[in-house]
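Undergrad: With the numbering used here applied, the sequence shown covers -16 to 524.
Here's a structure for you.
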Amino acid sequence: MQGLMMNTQLTITEVMRLADKVYGSQEIVSVTSDNARHKYTYKDAFSRVRQLANALKKMGAKEGDTIGTLAWNDYRHLELYYAISCSGMICHTVNPRLFEEQLEYIVNHAEDQYLFVDLAFVSLLEKIQDKFSNVKGFIVLTDKANMPKTSLKNVQCYESLIGAELDSFDWPQLDENQASALCYTSGTTGNPKGVLYSHRSTILHSYASALPDAFNLSVIDTVMPIVPMFHVNGWGLVYSALMVGSKVVFPGPRMGDGETLCKLINEESVTISAGVPTVWLALLEHLQKSGDSIDSLQRIGVGGAACPLSIMTEMQEKHAVWVQHAWGMTEMSPLGTYNSLKPGMETLPEVELNKVRLKTGRPLFGVDIKIEGPDGSELPWNGVAAGSLKVRGPWVVKQYFKQDKPATDENGWFETGDVATIDSDGYMSITDRTKDVIKSGGEWISSIELENCAVNHPQVLEAAVVGIPHPKWTERPLLLVILKAGEELSKEEMLNWFDGKVAKWWTPADCVFVTALPHTATGKLSKKDIRQEYQNFQWKD
């Protein structure tokens, strides 16, 4: 016997309708390339979303078409998110930090019909526009006064485009399983792969990510998403924040500027934010130099890379901001785990509490996780056993865009490429990427754990550890370090830092001080490039 409840569709359109009707007076604040501080309401936003939907229709874009965006976090990008997906089209957020060859590949692979582009990326597209197979035109995200002279073909001004349209639109009835958005992996090996999200997967992810033990969003919050909207839906905050009616603050092209972030937090009373660790380093550096405070900020979510304990401690002790780890990936929409404390943990001794806080957290309802050994057997959740991490759930990819082969195994599990442990309380720790784990003398060494230890040194800005071939031990860890400005440190002092913090045989065999480290388009350390550069490194006897 089946239940007798309505089967209404879970679509992004319904988020838009609720936000417009119930939270219409809530504010959206943006820093843009052409406006230092733009402000309007949800109601204003969705009026313009309807104008944009009319413009898309007049341009000939139809249901099922893919529309590309190359844009920062701001109100116009938000309008594109909703107008495109709610019209039955696919919003393809393109990462402008990719190499030109990768941009060409994904725009063509996605079959983007139009590209909406921020002022900052016009010159980038001018150089490669003739390599796009399907793009019919370009729309620059600005007003007439700031419209640049450009060689882009069939180019239009965004404000002029939507300004000519009515603010009423008859939204189509969509199936919840229709595609809503497309995001490509960074493609560290081979071509980037497309992950095609559905309306249903997006809504379920938004429900879960807004829960108290995740981002804990509500109408009383002011949310500042620093994680780029061009990468995996801005961690879903562009949906979940509007679903609950939070005020939203977008830092635009200034997302990496500590002074701008500080001003936005204080002047707009930001309560929660989310971004990668380097963002918080920039903010802390500004706070240290200026003596400013960030009194309204209560908590921040950190993902993309492990957050050093030093950042968490300084945020908490000096600014009363609680830092929480999150973990996920493009293939997971992206959120998989979030670190919130269970009852009683807040009274743990500091050392034990920090061990918990440094973990990536517990899985959200909707995400099933497990770890497997080399023989495929499931490993216990004891905090010791480390194995290949697999996931499944309603917002996890089952097949990459335009690929015939499933992305999952025969039982529906997706192989993440991470090596992890899970403790008896369900807290997961990523110990390494499968391809980055170091095998030395028949034993595994976690490069991530060594990097976390290194960056906790007060004089270290950034660190990377890679396994380099060794004549006796197969591989040994090589440490590369960027020191903070004005700091000096000897190789011996750096390596001695690991004493008592990791197993003696884990300690890096050598250390190289560098001025820069390569990163991927999403800001992660590019271990592939580091290994290639140091593949002929000569160990000293």
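Here a beta-carbon is modelled for each residue, glycine too, at the ideal position from N, C-alpha and C.
When burial is assigned at 16 or more other CB atoms within 10 Å of the CB, is residue 445 buried or exposed?
TA: The residue given as residue 445 occupies position 462 in the sequence shown. So residue 445 ends up on the buried side.
Undergrad: In chain order, what are the residue ranges of uninterrupted alpha helix (DSSP H) at least 4 long that sit wholly in the stretch 403 to 485?
TA: Within the stretch 403 to 485, the complete alpha helix (DSSP H) runs of at least 4 residues are 430 to 438, 474 to 479.
Undergrad: Could you give the first and the last residue of the continuous alpha helix (DSSP H) run that contains residue 111?
TA: Position 128 of the sequence shown, counted from the first residue, corresponds to residue 111. Where residue 111 is concerned, the enclosing alpha helix (DSSP H) stretches over 105 to 111.
Undergrad: Taking Cβ to Cβ, would you say residue 209 is nearer than 8 Å to residue 236?
TA: For the purposes of this step, residue 209 is identified with residue 226 of the sequence shown, where counting begins at 1. For the purposes of this step, residue 236 is identified with residue 253 of the sequence shown, where counting begins at 1. Going by C-beta atoms, residue 209 is not nearer than 8 Å to residue 236.
Undergrad: Check whether the stretch 377 to 384 and the stretch 432 to 443 are in contact - that is, three or more C-beta pairs closer than 8 Å.
TA: With the cut-off at 8 Å, the stretch 377 to 384 and the stretch 432 to 443 do not touch.
Undergrad: Going by the DSSP bridge assignment, what does residue 290 pair with across the sheet?
TA: Reading the sequence shown from its first residue, position 307 is the one you call residue 290. Partner(s): none; residue 290 has no beta bridge.
Undergrad: Which word fits residue 317, buried or exposed, when buried means at least 16 other C-beta atoms lie within 10 angstroms of its C-beta?
TA: To locate residue 317, count along the sequence shown from 1; it is residue 334. Result: buried.
Undergrad: Run through the stretch 173 to 257 for me and flag every whole alpha helix (DSSP H) of 4 or more residues, listed as ranges in chain order.
TA: Runs of the alpha helix (DSSP H) inside the stretch 173 to 257: 182 to 192, 220 to 227, 241 to 251.
Undergrad: Since residue 98 contacts residue 35 with CB under 8 Å, what's their CB separation in whole angstroms?
TA: For the purposes of this step, residue 98 is identified with residue 115 of the sequence shown, where counting begins at 1. For the purposes of this step, residue 35 is identified with residue 52 of the sequence shown, where counting begins at 1. Rounded, the Cβ-Cβ distance is 15 Å, inconsistent with contact.
Undergrad: Please classify residue 111 as buried or exposed, where buried requires at least 16 neighbouring CB atoms within 10 angstroms.
TA: Along the sequence shown, read from residue 1 onward, the residue named residue 111 stands at position 128. Exposed, by the Cβ-count rule.
Undergrad: Just confirm the distance between the C-beta atoms of residue 74 and residue 154, as a whole number of angstroms; I'd bet it's less than 8 Å.
TA: In the sequence shown, counting from the first residue as 1, residue 74 sits at position 91. In the sequence shown, counting from the first residue as 1, residue 154 sits at position 171. Between residue 154 and residue 74 the Cβ distance is about 15 Å, and since that is not below 8 Å, they are no contact.
Undergrad: Would the beta-carbon of residue 213 fall within 8 Å of that of residue 79?
TA: Start at 1 with the first residue of the sequence shown, and residue 213 comes out as number 230. Start at 1 with the first residue of the sequence shown, and residue 79 comes out as number 96. Yes, these two residues count as a Cβ contact at 8 Å.
Undergrad: Just to confirm my understanding: we take residue 470, look at its own chain, exclude 5 residues before and 5 after, and list those with CB closer than 6 Å. What are they?
TA: Taking the sequence shown and counting its residues from 1, one reaches residue 470 at position 487. Here the set comprises 442.
Undergrad: Please report the Cβ distance between residue 275 and residue 245, rounded to the nearest whole angstrom; I am assuming they are in contact, meaning their Cβ atoms lie under 8 Å.
TA: Sequence index remark: in the sequence shown, residue 275 carries index 292 (1-based). Sequence index remark: in the sequence shown, residue 245 carries index 262 (1-based). With a Cβ gap of about 5 Å, residue 275 and residue 245 count as contacting.
Undergrad: How should residue -9 be labelled, buried or exposed, when 16 other C-beta atoms within 10 angstroms of its C-beta is the threshold for buried?
TA: Looking up residue -9 in the sequence shown gives position 8. Counting Cβ neighbours within 10 Å, residue -9 comes out exposed, since fewer than 16 surround it.
Undergrad: Who are the Cβ neighbours of residue 334 in its own chain at under 8 Å, not counting the five residues just before and after it?
TA: Looking up residue 334 in the sequence shown gives position 351. Nothing listed; no residue qualifies.
Undergrad: For the beta strand (DSSP E) containing residue 366, list its first residue and its last residue.
TA: Within the sequence shown, numbered from 1, the residue matching residue 366 stands at position 383. From DSSP, residue 366 is part of no beta strand (DSSP E); its letter is neither H nor E.
Undergrad: Express the C-alpha separation of residue 186 and residue 168 in angstroms, rounding to a whole number.
TA: In the sequence shown, residue 168 corresponds to position 185, counting from 1. In the sequence shown, residue 186 corresponds to position 203, counting from 1. Taking the straight line joining both Cα atoms gives about 21 Å.
Undergrad: Measure the beta-carbon distance from residue 422 to residue 458 and round it to whole angstroms, keeping in mind my assumption that it falls under 8 Å.
TA: Position 439 of the sequence shown holds residue 422. Position 475 of the sequence shown holds residue 458. About 5 Å; that satisfies the 8 Å criterion.
Undergrad: Going by C-alpha to C-alpha distance, which of 371, 347, 461 sits closest to residue 196?
TA: The residue given as residue 196 occupies position 213 in the sequence shown. If we check each option's Cα against that of residue 196, 347 comes out closest.
Undergrad: Within 10 angstroms of its Cβ, does residue 432 collect 16 or more other Cβ (buried), or is it exposed?
TA: Here residue 432 is taken as the residue at index 449 of the sequence shown, counted from 1. Classification for residue 432: buried.
Undergrad: Locate the beta strand (DSSP E) running through residue 285, then write down its first and last residues.
TA: The residue you call residue 285 lines up with position 302 of the sequence shown. 282 to 285 is the span of the beta strand (DSSP E), which, as asked, contains residue 285.
Undergrad: Can you tell me the Cβ-Cβ gap for residue 86 and residue 100, rounded? I've got them flagged as a contact below 8 Å.
TA: Taking the first residue of the sequence shown as 1, we reach residue 86 at position 103. Taking the first residue of the sequence shown as 1, we reach residue 100 at position 117. With 8 Å as the limit, residue 86 and residue 100 do not qualify as a contact, their Cβ atoms being about 11 Å apart.
Undergrad: If you compare alpha carbons, which of 259, 265, 355, 132 is closest to residue 102?
TA: Counted from its first residue, the sequence shown places residue 102 at position 119. Cα-wise, what sits closest to residue 102 is 132.
Undergrad: Less than 8 Å between C-beta atoms, sequence neighbours within five positions excluded: which residues of the same chain meet that for residue 218?
TA: To locate residue 218, count along the sequence shown from 1; it is residue 235. These residues qualify, in order along the chain: 192, 208, 210, 257, 284, 286, 309, 311, 317, 318.
Undergrad: By the three-class DSSP mapping on this structure, what secondary structure does residue 309 have?
TA: Walking along the sequence shown from the start, residue 309 turns up at place 326. Of the three classes helix, strand and coil, the one that applies to residue 309 here is strand, per DSSP.
Undergrad: Let me check one thing: in DSSP terms, what residues is residue 347 bridge-paired to?
TA: Within the sequence shown, numbered from 1, the residue matching residue 347 stands at position 364. The partner list for residue 347 (beta bridge, DSSP) is empty, contrary to what the question assumes.
Undergrad: Please state the DSSP three-state secondary structure of residue 553.
TA: Outside the displayed range of the chain (-16 to 524) lies residue 553, so it cannot be described from this structure.
Undergrad: Could you tell me the boundaries of the alpha helix (DSSP H) in which residue 48 lies?
TA: Within the sequence shown, numbered from 1, the residue matching residue 48 stands at position 65. Note, residue 48: premise wrong, no alpha helix (DSSP H); not H, not E.
Undergrad: Go to residue -4, then tell me how far its beta strand (DSSP E) extends in each direction, as first and last residue.
TA: Taking the sequence shown and counting its residues from 1, the one referred to as residue -4 is at position 13. Run containing residue -4: none in the beta strand (DSSP E); it sits in the alpha helix (DSSP H), -5 to 5.
Undergrad: Among the candidates 96, 175, 64, whose CA atom is the shortest distance from the CA of residue 386?
TA: Counting from 1 along the sequence shown, the entry for residue 386 is found at position 403. Among 96, 175, 64, the Cα nearest to that of residue 386 is on 175.
Undergrad: If I measure Cβ to Cβ from residue 44 and keep anything under 8 Å in the same chain, skipping five residues before and after, which residues do I get?
TA: One-based indexing of the sequence shown puts residue 44 at position 61. Taken in chain order, the residues that qualify are 50, 70, 72, 96, 97.
Undergrad: Under 8 Å between C-beta atoms, does residue 395 make it to chain C?
TA: Looking at the structure shown, chain C is missing, and only one protein chain is on hand.
Undergrad: So for residue 96, helix, strand or coil by DSSP?
TA: Within the sequence shown, the letter at position 113 stands for residue 96. Correct three-state label for residue 96: strand.
Undergrad: Quick check on the DSSP output: the beta strand (DSSP E) that includes residue 34 runs from which residue to which?
TA: Sequence index remark: in the sequence shown, residue 34 carries index 51 (1-based). Not the beta strand (DSSP E): residue 34 falls in the alpha helix (DSSP H), residues 25 to 41.
Undergrad: Below 8 Å between beta carbons: does that hold for residue 368 and residue 404?
TA: Numbered from its first residue, the sequence shown carries residue 368 at position 385. Numbered from its first residue, the sequence shown carries residue 404 at position 421. A contact, by the Cβ cut-off of 8 Å.
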